[in-house]
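Engineer: Before we start, here is the structure in question, set down as structure tokens.
2 protein chains.
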Amino acid sequence: MYKIANPRSIAFFGASNHITAMGTNLLLSLQAAGFEGPVYPIHYKEDRVLGLEAYRDVLDLPEIPDVAVMVLPTRMVNSTLEACGRKGIRKVVIVSGGFKEVGGEGIVLERELVEIARRYGIRVLGPNCLGVANLHRHLNTTFIPYEGPAGFIGLASQSGSFVTQLFDYLARLGLGFSTAFSVGNEADIDLVDAMEYLALCPHTRVIALYIEGIRRGRAFVETARSIVPHKPVVALYVGGSETGRQAGFSHTGALAGPDDLYEGMFRQSGIIRARSVTELFDFCWALGSLPLPKGRRVVIQTHSGGPGAAAADACGRSGLELPALSDDTVEKLTPFVPHTGSVSNPVDLTFTKNPNDFYWSIPGILIQEERADVLLIYFLTPTQVVKRALEQMGVPPEQVSDQAQKLMDEQCGAIARLVRTSGKPLVGYTFRGPDDPSIRGLMDRGVPVFQGPERAARAIAALVKHAERRDAPEGDCHVKGAFGGATERPRRDGDGV
Amino acid sequence: MYKIANPRSIAFFGASNHITAMGTNLLLSLQAAGFEGPVYPIHYKEDRVLGLEAYRDVLDLPEIPDVAVMVLPTRMVNSTLEACGRKGIRKVVIVSGGFKEVGGEGIVLERELVEIARRYGIRVLGPNCLGVANLHRHLNTTFIPYEGPAGFIGLASQSGSFVTQLFDYLARLGLGFSTAFSVGNEADIDLVDAMEYLALCPHTRVIALYIEGIRRGRAFVETARSIVPHKPVVALYVGGSETGRQAGFSHTGALAGPDDLYEGMFRQSGIIRARSVTELFDFCWALGSLPLPKGRRVVIQTHSGGPGAAAADACGRSGLELPALSDDTVEKLTPFVPHTGSVSNPVDLTFTKNPNDFYWSIPGILIQEERADVLLIYFLTPTQVVKRALEQMGVPPEQVSDQAQKLMDEQCGAIARLVRTSGKPLVGYTFRGPDDPSIRGLMDRGVPVFQGPERAARAIAALVKHAERRDAPEGDCHVKGAFGGATERPRRDGDGV
């Protein structure tokens, strides 16, 4: 698996100089990512493809590339795989579709593909996938150029789209993938293999799984159970409803199982289950950024009653508790809370004469509250308001922007320091956009700030759940029923179809 | 109620030339909104406040203003209200807190406040509120400057924050409030009054309610029932969990009831219930923008299997159905779908040689599918990819940006036209940000595009539910238990405390 995510050289089939070819787009993405090793396009008549020297035949290549990527018409795939085998290439990413997922003839073709791969000892990612993106290695074989930084989320996905089409989504949150695998039809390399790789990958702090149907149930559970104690795993399963099952089936030919079977499997493995793509990455964000809480008791700090009440309600619905504050905390807080505010939980300040109290004194007191395990803070201040205040305080107009930025940087820095020094998780929520400087400043410093209290509460609940499961995964490893009991990798020709 | 949302002139208590005073911030917001009528600051010693001529006493004002706004220390409110009454002012917004919501002495003060108001026939909004924002009238009495356009969402909120702190949130979606009321402690004007106003307001296409606890249950249900047949109402209730109830109580002193009581009340009224702030405005977005569907059958159009499967699953979980396509539709679609794609539902194109098919031919066919009531489309194309395609097609570099914008404008225009001409709802989902030009172009043309399939599915379910309830609200108007049976407005001194 290592070479497929960290190749030194790549043979590329299916790119041309025409933008209408999908392969061309994939090679452009690879170039845009800044891949540093040699790339060898194979083309039957062009001498150069996208500025690179092209070869008529894979056998003509000056070296044996670590990996071949194929974006060819279905009918050409198996013969090309055969040629790769003869050349000595042992890792192949097959992007082309038209195999098991279309049924009929496609099933026969995929069986043939697997036989060729076995004969040559080739490990295949795909077919019907978008390959792999390892941004720490400037590798991106997918359709869409990578935007944003390399990050700490490792992804193994039965959907290629969820690899490529979330680059931008994650970048807006200041997040990114460490390595992301699109496993496609899983003719050979599957979710379990990808998960094993990510468990060992030093850039990966949390593993995300997008699942339409699991083929090797027992191996999946055993692998996950061995990973969870040292790295959290979050899974989104979309095959649980009838409509989702049918759609997944026509997508990758995977056979989905009843929702409660998967629920049980996740629970046994210690995997955190997400119910949407949003949750999948919210949970990864919290789990990859924050220390784990010792329990489920949350203290809420807010400037506003409504967002405080909504957060309290959201915490309650997510199974979290809001303890009463200790006398000690109440005493320390009192000087900072006006009489219109509330020193219960949520701590509702309503208004602070000195805005800095909200970033230094008050969270500093609350994070030490021994009755609470997590501090949840509502962040609301628009840059506009900060600037307005500075203007009114007599700051010269030309200095207002700089001073506002400086002030907000200091405020965000103070909050981030609290997380580092306290060892307790601190989570933010807001209705401001992620590009508001006061929010961006927190996120860039590793403090997750979620859109709305519900997302924050569910992310905290995921932290709590992971802390509990890590220490005591439920029950033993029993996976029966639809998955069979074999730990051996079964023959998978037509499996599940 | 009309004058309080549409005043021609305002007396303003509590603003000074010091930014640390909350009142100053509110007056600055009012000025920033561009309020066109006269504003009279009352100040005990300043001659001018924020550039406006100030008056020592309300009795000195040259006219009787339509509305007075008070942002004064608690102890000064009642005597000032008395003075307003003597002046002849009949609408007062009391922003000041420290009344019923703090208990004890505050309860006594609020009772006194109500008595003064009755004596003079004054209608009071608040206390402990942020007043009203009517952007069609450039009116904003709240703490935070209004950002973004005036819109079609009317809000009545028991939280002031949810009025002010969502301006920016809505603006990012291209949405805005028509008029938004923060009702605070509801000493006089309450949710029901605000709802009645919004029902008649011609700028309001949908009513949003943020609820911590309802005082006049019967009146609430009757009013909502009379509104729903001609205008949708969406409610978020945060008092349903134990934690939410306690937080709401300390916020406005409202008594929350068991969750199922509220659930029943919403159902009887034909109100759509939202479970988060995000849902509240997602539902309003869909209900205010789209024609109502005839049923719950959805057809999904996607470029990608994973997002398609996730959308199918989300639809299933939201109680929507995915019908099989009719033979007629399959026949018309076939020329546009490559062999790797799927002409079942979701329609998964995987790849289109001509990207315009995705915006013209294919949705044009699908929206005519008689077996479906709603068309749900996955939008993914980043501007970068469009530009890359144009570059490769030989468009001169200096024209690429303009041509990309033009192409995307045409594509977005084609989709928006489909909604207008078909009379069927068309909803989008994406993982791109709302600022991506291809997404922004759709939203600006009135096509809701949600972040992720789950939000889209739930918004469609809200459309379906509203269509069903509008035609047949469940059962008769029975509201018993905690709310009593009186339709008369009860005396509310200390109610619910």
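The listed protein sequences correspond, in order, to chains A and B. Residues 11 to 507 in this note's numbering are what the first sequence lists, from first letter to last. Residues 11 to 507 in this note's numbering are what the second sequence lists, from first letter to last. Where is the CB? At the ideal position from N, CA and C, for every residue including glycine.
1. Can you pull the chain B residues whose beta carbon is under 7 angstroms from the beta carbon of Glu222/A, in chain order?
2. On the criterion of 16 or more Cβ atoms from any shown chain inside 10 Å, does Lys416/A qualify as buried, or is it exposed?
3. Can you confirm whether Gly485/B, when its beta carbon is compared against all beta carbons of chain A, has any partner nearer than 7 angstroms?
4. Measure the CB-CB distance between Glu120/B and Ala197/B and report whether it falls below 7 angstroms.
5. What in chain A is Cβ-close to Gln311/B, meaning under 9 angstroms?
6. What separation, rounded to the nearest whole angstrom, lies between the Cα atoms of Leu60/A and Asp446/B?
7. Check distances from the C-beta atoms of the stretch 287-308 of chain B to those of chain A and list, in chain order, the residues that come in under 8 angstroms.
8. DSSP three-state label for Phe23/A, please.
9. Let me make sure I understand the geometry here. Which of Glu46/A, Ile163/A and Met11/A has the alpha-carbon closest to that of Leu297/A?
10. Is the Cβ of Arg225/B closer than 7 angstroms to any Cβ of chain A?
11. Would you mind listing the beta strand (DSSP E) stretches within the stretch 109-136 of chain B that are 3+ residues and don't spill past its ends, in chain order?
12. Beta-carbon separation of Ala204/A and Val216/A under 7 angstroms?
13. Since Lys241/A is in the alpha helix (DSSP H), which residue starts that stretch and which ends it?
14. Do we get a CB-CB distance below 7 angstroms when we pair Ile29/B with the residues of chain A?
15. Under 7 angstroms Cβ-Cβ, which residues of chain A neighbour Tyr179/B?
16. If you drop the 5 nearest sequence neighbours on each side, which residues of the same chain put their C-beta closer than 6 angstroms to that of Phe368/A?
17. Excluding sequence positions up to five away, which residues of its chain have a Cβ less than 8 angstroms from the Cβ of Ser336/B?
18. Output needed in chain order: residues of the stretch 51-77 of chain A with a Cβ under 7 angstroms from some Cβ in chain B.
19. Near Pro392/B, which residues of its chain fall below 8 angstroms by C-beta distance, leaving aside the five closest residues on each side in sequence?
20. Evaluate contact between the stretch 153-163 of chain A and the stretch 392-405 of chain B, counting only Cβ atoms and requiring at least three cross-stretch pairs below 8 angstroms.
21. What does His349/A reach in chain B if we use C-beta pairs closer than 8 angstroms?
22. Expressed to the nearest angstrom, what Euclidean distance is found between the alpha-carbon atoms of Leu123/B and Tyr130/B?
23. In the DSSP assignment, find the unbroken beta strand (DSSP E) run with Gln515/A in it and report its ends.
24. Establish whether the CB of Asp337/A and some CB of chain B are separated by less than 7 angstroms.
25. Got a sec? Which residues, its chain only, sit under 6 angstroms from Phe191/A by beta carbon, not counting five neighbours each side?
26. Once you ignore the five residues that flank Ile281/A on each side, which residues in its own chain have a CB closer than 6 angstroms to its CB?
27. In the DSSP assignment, find the unbroken alpha helix (DSSP H) run with Phe291/B in it and report its ends.
28. Kindly provide the ranges of any alpha helix (DSSP H) runs that are 4 or more residues long and lie completely inside the stretch 318-351 of chain A, ordered along the chain.
29. Between Pro345/A and chain B, is there a C-beta pair that is closer than 7 angstroms?
30. Quick check on DSSP: helix, strand or coil for Asp486/B?
31. Identify the contact partners of Met32/A in chain B, using a Cβ-Cβ distance below 8 angstroms as the criterion.
32. Is the Cβ of Ala469/A closer than 7 angstroms to any Cβ of chain B?
33. Nearest-angstrom Cα distance between Gly98/B and Phe45/B?
34. Between the stretch 140-154 of chain A and chain B, which residues of the former have CB atoms less than 7 angstroms from a CB of the latter, in chain order?
35. In the DSSP assignment, what residue or residues form a beta bridge with Leu62/B?
36. For Arg129/B, verify whether its CB is less than 6 angstroms away from any heavy atom of the ligand NAP.
Structural biologist: Taking the coordinates as given:
1. In the first sequence, counting from the first residue as 1, residue 222/A sits at position 212. When 7 angstroms is used as the limit between beta carbons, Glu222/A is near these residues of chain B: Ala319, in chain order.
2. On the first sequence, position 406 is the one that residue 416/A refers to. So Lys416/A ends up on the exposed side.
3. Numbered from 1 along the second sequence, position 475 holds the residue referred to as residue 485/B. Bear in mind that the predicted position of Gly485/B carries a pLDDT of just 49, short of 50, making it unreliable; the figure below should be weighed with that in mind. Not closer than 7 angstroms to any Cβ of chain A, the Cβ of Gly485/B fails to qualify, so no.
4. As a first step, residue 120/B is located in the second sequence; it is residue number 110 there, counting from the start. As a first step, residue 197/B is located in the second sequence; it is residue number 187 there, counting from the start. Contact flag set, yes.
5. For this step, residue 311/B is matched to residue 301 along the second sequence. The premise fails here: Gln311/B is roughly 13 angstroms from chain A at the closest Cβ pair, so nothing lies under 9 angstroms.
6. For the purposes of this step, residue 60/A is identified with residue 50 of the first sequence, where counting begins at 1. For the purposes of this step, residue 446/B is identified with residue 436 of the second sequence, where counting begins at 1. Going from the Cα of Leu60/A to the Cα of Asp446/B covers about 27 angstroms.
7. Near chain A, meaning a CB-to-CB distance below 8 angstroms, the residues of the stretch 287-308 of chain B are Val287 and Thr288.
8. The residue you call residue 23/A lines up with position 13 of the first sequence. Here Phe23/A sits in strand by DSSP.
9. Position 287 of the first sequence, counted from the start, is the residue given in the question as residue 297/A. Checking every option, the nearest Cα to that of Leu297/A belongs to Ile163/A.
10. One-based indexing of the second sequence puts residue 225/B at position 215. By this cut-off, Arg225/B is not an interface position.
11. Complete beta strand (DSSP E) runs here, min 3: 133-135.
12. Taking the first sequence and counting its residues from 1, one reaches residue 204/A at position 194. Taking the first sequence and counting its residues from 1, one reaches residue 216/A at position 206. In this structure, Val216/A does not lie closer than 7 angstroms to Ala204/A by Cβ.
13. The residue labelled residue 241/A in the question sits at position 231 within the first sequence. Where Lys241/A is concerned, there is no enclosing alpha helix (DSSP H), because DSSP gives it neither an H nor an E.
14. Numbered from 1 along the second sequence, position 19 holds the residue referred to as residue 29/B. At a cut-off of 7 angstroms between beta-carbon atoms, Ile29/B makes contact with chain A.
15. Within the second sequence, residue 179/B is the residue found at index 169, counting from 1. What Tyr179/B touches in chain A: Phe441.
16. Counting from 1 along the first sequence, the entry for residue 368/A is found at position 358. Same-chain partners within the cutoff: Thr362.
17. Position 326 of the second sequence holds residue 336/B. Its chain contains Glu379, Glu380 and Arg381 as the residues whose beta carbon lies nearer than 8 angstroms to that of Ser336/B, once the 5 sequence neighbours on both sides are disregarded; these appear in chain order.
18. Only those residues of the stretch 51-77 of chain A whose C-beta falls short of 7 angstroms from the nearest C-beta of chain B would be listed, and there are none.
19. By one-based count along the second sequence, residue 392/B stands at place 382. Once the five neighbours on either side are set aside, the close Cβ partners of Pro392/B are Arg442, Asp446 and Ser448.
20. Between the stretch 153-163 of chain A and the stretch 392-405 of chain B there are three or more inter-stretch CB-CB distances shorter than 8 angstroms, so the stretches are counted as touching.
21. The residue you call residue 349/A lines up with position 339 of the first sequence. Simply Thr84, Gly108 and Val112.
22. Counting from 1 along the second sequence, the entry for residue 123/B is found at position 113. Counting from 1 along the second sequence, the entry for residue 130/B is found at position 120. The C-alpha of Tyr130/B is placed about 11 angstroms away from the C-alpha of Leu123/B.
23. Because chain A spans 11 through 507 in this model, residue 515/A falls outside it and cannot be assessed.
24. If you number the first sequence from 1, residue 337/A lands on position 327. Judged by the 7 angstroms Cβ criterion, Asp337/A is not in contact with chain B.
25. On the first sequence, position 181 is the one that residue 191/A refers to. Excluding five sequence positions before and after Phe191/A, the CB atoms of its chain that fall closer than 6 angstroms to its own CB belong to Val142, Ala166 and Ala204, given in chain order.
26. Counting from one through the first sequence, the residue named residue 281/A turns up at place 271. Its chain contains Ala234, Val243 and Ala245 as the residues whose beta carbon lies nearer than 6 angstroms to that of Ile281/A, once the 5 sequence neighbours on both sides are disregarded; these appear in chain order.
27. Sequence index remark: in the second sequence, residue 291/B carries index 281 (1-based). Per DSSP, the unbroken alpha helix (DSSP H) holding Phe291/B starts and ends at Val287 to Ser299.
28. Counting only runs of 4 or more, we get 337-343.
29. Looking up residue 345/A in the first sequence gives position 335. The C-beta of Pro345/A comes no closer than 7 angstroms to any C-beta of chain B.
30. For the purposes of this step, residue 486/B is identified with residue 476 of the second sequence, where counting begins at 1. Its pLDDT being 45, under 50, Asp486/B is placed unreliably by the model, and the measurement read from it follows with that caveat. Reduced to three states, the DSSP call for Asp486/B is coil.
31. Numbered from 1 along the first sequence, position 22 holds the residue referred to as residue 32/A. What Met32/A touches in chain B: Phe361.
32. Stepping through the first sequence from its first residue, residue 469/A is reached at position 459. The C-beta of Ala469/A comes no closer than 7 angstroms to any C-beta of chain B.
33. Position 88 of the second sequence holds residue 98/B. Position 35 of the second sequence holds residue 45/B. So the alpha carbons of these two residues sit roughly 22 angstroms apart.
34. Of all residues in the stretch 140-154 of chain A, the ones placed with a Cβ closer than 7 angstroms to any Cβ belonging to chain B are Ile154, in chain order.
35. Taking the first residue of the second sequence as 1, we reach residue 62/B at position 52. Looking at the DSSP assignment, Leu62/B forms a beta bridge with Val59/B.
36. Ligands in the displayed structure: none, and consequently the ligand NAP is not present.
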